[in-house]
Amino acid sequence: MDYLSEIEGKQAHDPMFLEKMKESSSSSSSCLCVPGPVIVGAGPSGLATAACLKEKGVPSVILERSNCMASLWQLKTYDRLRLHLPKQFCELPLMGFPTGFPTYPSKQQFVDYLEAYARKFDIKPRFNETVSQAEYDPTLGFWRVTSVGVKGKEMEYVCRWLVVATGENAEAMMPEMEGMGEFSGDIRHTSLYKSGEEFRGKRVLVVGCGNSGMEVCLDLCNHNARPSLVVRDTVHVLPQEMLGTSTFGLSMWLLKWFPLRLVDRFLLIVSWLMLGDTSRFGLARPHLGPLQLKNLSGKTPVLDVGTLAKIKSGDIKVRPSIKSLKRHAVEFVNGTTENFDAIILATGYKSNVPSWLKEKVMFSEKDGYPRRPFPNGWKGEYGLYAVGFTKRGLLGTSMDAIRIAEDIQRCWKEEAKHRLAFTNSLLHQSSSL
Ligand SMILES: Cc1cc2nc3c(=O)[nH]c(=O)nc-3n(C[C@H](O)[C@H](O)[C@H](O)COP(=O)(O)OP(=O)(O)OC[C@H]3O[C@@H](n4cnc5c(N)ncnc54)[C@H](O)[C@@H]3O)c2cc1C
Ligand SMILES: NC(=O)c1ccc[n+]([C@@H]2O[C@H](COP(=O)([O-])OP(=O)(O)OC[C@H]3O[C@@H](n4cnc5c(N)ncnc54)[C@H](OP(=O)(O)O)[C@@H]3O)[C@@H](O)[C@H]2O)c1
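Here it is as structure tokens:
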């Protein structure tokens, strides 16, 4: 019997639980009291937290809105995707990548790894359950988490701990553009882009020059499409590797010895030597260095995997911001107009936490991130936690998951003592009757 069916069975025969629920619940949804934490989201962050908890003897329940784990990776990313950072920076706690994996594993390898990870720790998320609301109930001293299934069936989970693992990329960012309804070609976000194959021979405008926009442009080029890239602001483009090692790994190592500004200066000099002056190709650099900018604003530098060479050769054209869309054309802010067959929005993602979590202290309503900056954003009040909101990718996920599991285990142990004492006193009372 699985963990939840067992709890369901016990609850159905527990008069104290039934009475308590009748008192405090007004809704008609089914209700389940979960002894351990409820984790919302079965991406790498949710899986890592469940594994760390499991290792400490704390059972948990994961609720996932889609029909698979790591849905961002499986359903919303393009075919050519590989991890940008070397594998040692992307491993989850307690289980490394298989030794045969390349330095930059492919999307499929990463998904295989996550599935093996879930198998190893016997993690079985509850799929097709979208959390629509979660709220702390001060009378009960528990969180009430409501999920909606595919057929609209509502379920309420009551738990002592709630772990938010819905990710920084939960929803696509869709910019408003004048004339959007008029454009006759395909307009889609990168989360729905799979391959340049279907754009062969077409004029495609890619909007946004983050890592997604740059890679999609390269993919389009490799499939003989004709891409142009909208760059509305400054951007740091760094080589993926420098001096024979990954730029990320090198930066981490240098930061152990040198101040951030000096490391930034070093990165910019080497990038200039390797890539040249990127502003000559329409990619002007910000005034702040790449690491300083990342720390202050969370803006990730682009790690170049070959796109810059295509920009230099003219295979990818750089364009300014869009003013408006026409039926077959796009007008740019510099007054020029060009025809396009399709537009791909590489305009990024946002957190969806404010849409379902009824809590205003830990999470900002504005951007759906914890208000306290890294490394202090993982813990809130009343058993609320956040994993994977550090703007530091999978490395941040691992750090959060380990801390959260340690913290919950401490309370779990304390409460286990009380539970045991309570049960013993009941046994004592009944035997002396
Ligand atoms: C194209 C792309 C490439 C990337 N490459 C890298 C990389 O190489 N290295 C790196 O470190 N990072 C990378 N990232 C960042 C990436 O976000 C993290 O690697 C990782 O996916 C974060 O894991 P997560 O579990 O926090 O979030 P996610 O992977 O987004 O998982 C969150 C899960 O929560 C579920 N969910 C959301 N809302 C609800 C709800 N209301 N109810 C129930 N379930 C819900 C989602 O369906 C999803 O399955 C990349 C991101 C993108 C978009
Ligand atoms: N292989 C990999 O590992 C890989 C690949 C892809 C993505 N990723 C990661 O996934 C995350 C998301 O990346 P992303 O590239 O999808 O999003 P992103 O980093 O948020 O970049 C979005 C880009 O779109 C621009 N933009 C937004 N609205 C715009 C508009 N209306 N007009 C013009 N430009 C607009 C932004 O410009 P401003 O900066 O001016 O706002 C920014 O350049 C990042 O953490 C990234 O590192 C990793």
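Residue numbers for the sequence shown follow the working numbering, beginning at 5 and rising by one. Note that the Cβ used here is the ideal one computed from N, Cα and C, for glycine as well. Note that the structure is a prediction, hence the values are computed from the model and not measured.
Identity of the residue in the options nearest residue i by Cα
i      : options                        : result
TYR82  : ALA54, HIS291, SER359, TYR197  : TYR197
ILE66  : VAL168, SER34, TRP257          : VAL168
LYS362 : THR351, TYR140, ALA120         : TYR140
LEU399 : ALA409, ALA52, VAL44           : ALA52
PRO231 : ARG204, GLY214, THR238         : ARG204
GLU335 : TRP257, ILE320, LEU209         : LEU209
VAL154 : GLU172, VAL162, GLU133         : GLU133
LEU349 : LEU266, ALA390, VAL309, CYS221 : CYS221
PHE114 : VAL42, MET178, PHE93, ARG130   : PHE93
ALA313 : LYS60, THR238, MET218          : MET218
GLU180 : ILE191, THR170, GLU172, GLY171 : ILE191
LEU411 : ALA46, GLY47, VAL62            : Correcting the residue type first, residue 411 is Asp in the shown sequence and not Leu. Answer by Cα proximity: VAL62.
LEU287 : PRO142, SER325, ARG331         : SER325
Check: residue i C-beta below 6 Å from any heavy atom of ligand 2
i      : result
SER216 : yes
HIS422 : no
CYS213 : yes
VAL234 : yes
PRO358 : no
THR351 : yes
ASP237 : yes
THR340 : no
THR304 : yes
HIS88  : yes
PRO179 : yes
Buried or exposed by the 16-neighbour rule on C-beta atoms within 10 Å, applied to residue i
i      : result
TRP165 : buried
THR282 : buried
ASN71  : exposed
ASP126 : exposed
SER30  : Annotation note: pLDDT 49 at SER30 (below 50); position unreliable, coordinate value reported separately. With fewer than 16 Cβ atoms within 10 Å of its Cβ, SER30 is classed as exposed.
heavy atom of ligand 1 below 6 Å from residue i C-beta
i      : result
THR394 : no
ARG407 : no
ARG376 : no
HIS193 : no
SER355 : no
LEU398 : yes
ASN173 : yes
Unbroken alpha helix (DSSP H) run spanning residue i, endpoints
i      : result
ASP116 : 111-124
GLN137 : No alpha helix (DSSP H) contains GLN137, which is instead part of the beta strand (DSSP E) from 134-141.
LYS316 : 311-316
THR251 : 251-259
TRP77  : 75-79
VAL274 : 264-279
ASP223 : 215-226
PRO48  : 48-59
LYS298 : 294-301
Enclosing beta strand (DSSP E) for residue i [first to last residue]
i      : result
VAL42  : 42-44
VAL167 : 166-168
PRO231 : 230-234
CB contact check: residue i to chain B, cutoff 7 Å
i      : result
GLU202 : Absent here is chain B; the protein component of the structure consists of one chain.
CB-CB length for residue i against residue j, believed under 8 Å
i      : j      : result
CYS37  : VAL162 : 5 Å
PRO41  : SER64  : 5 Å
LEU264 : LEU295 : 5 Å
VAL357 : VAL306 : Rounded, the Cβ-Cβ distance is 27 Å, inconsistent with contact.
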